[in-house]
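Numbering (our numbering), first residue to last: 162 to 477.
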């Protein structure tokens, strides 16, 4: 039997600090971090967004080699791939992904799409020489798809952040740097939509524990407070040694020297060198009272479950 591909999948809502976390993991010798791989087809190949190495996706030597191996050096019908992605990797298909009332058409699309993903992940490992893949897609359906693939050994890292901080972050104006030098605004969310999405994605991330080899939950705030201990626990989850930690990680920051070929994610994925790790608590002071109260009310069950205080903190 062919050895299964080990994937550490970061699950949960957006705006939780997953980009810096997965880039830190990508500094380890045996671990490759590739950003949000669910966007590899639309933003990567079709959109030609910048790779984490700063080159346009289709001009990156790494991804050129991966795509060539994935598609057996044949021309890529990206429209057909996008069709499969859109008809399989969506929240509304989660029941069918998990085998509940699959239609014949979905079964065919699912088999074709997972076969393609298996070849993609195998090519990533072959080209990179790193046996562990970090996929920071976070999205529910993408994680469940990997959990249904016999050739994938799925380890879930459920990354959680205070819902009020997430809602505030979705309101910020951030720009993606595009391959042609232009800037493209990131999607923004209303507080209500951010809160409901936070609830949904965190609830579904917890369900992933039943469809994976291992599961652990990490709060963004705990990661920033003690990055070394947090990374050590993650390494233990995927059976990796911790002796490299002090090479690039300190209590207050990280040195990102090793190039990572990330697909999508926070715009800071293109930054290298010394990066401070500071708790982003601007929301404590600047999230409007009405939005604060609304998000707190809507996400109350999750806030209590994950141990977050309900009021603003004086030192925030």
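Glycine included, each C-beta is placed from N, C-alpha and C at the ideal position.
Bear in mind the structure is a predicted one, so any value in this text is a computation, not a measurement.
The region 376-436 contains, as complete alpha helix (DSSP H) runs of 4+ residues, the segments 381-386, 388-398 and 406-409 (chain order). Contact between residue 362 and residue 301 is confirmed by a C-beta separation of about 6 angstroms, below the 8 angstroms threshold. For the 9 angstroms CB-CB criterion, residue 184 and residue 423 form a contact.
Non-local beta-carbon contacts of residue 279 in its own chain, meaning distances under 7 angstroms to residues more than five positions away in sequence, involve 310 and 312 in chain order. For residue 308, the three-state secondary structure derived from DSSP is helix. In this structure the region 285-303 touches the region 191-207; the number of beta carbon pairs closer than 8 angstroms is three or more. Taking a 10 Å sphere around the C-beta of residue 211, we find 16 or more other C-beta atoms and assign the residue as buried. Checking the DSSP bridge columns, you'll see residue 172 partnered with 299 and 319. DSSP places residue 194 outside any alpha helix (DSSP H); the residue lies instead in the beta strand (DSSP E), whose first and last residues are 192-194. Taking the CA atoms as reference points, residue 331 sits about 34 angstroms from residue 400. Cβ-Cβ distances below 6 angstroms link residue 246 to 202 in the same chain, with the five nearest sequence neighbours on each side left out; the list follows chain order. Sequence-distant partners of residue 258 (beyond 5 residues in either direction) whose C-beta falls short of 8 angstroms from its own C-beta, in its chain, are 249, 271, 302, 305, 306 and 309. Residue 277 and residue 255 do not touch by the CB rule: their CB atoms are close to 19 angstroms apart, not below 8 angstroms. Measuring C-alpha to C-alpha distances from residue 213 to each of 180, 229 and 443 identifies 180 as the nearest.
Considering only 267, 273, 237 and 467, the residue with the shortest C-alpha distance to residue 380 is 467. In this structure, DSSP gives residue 293 an extended state, which the three-state scheme calls strand.
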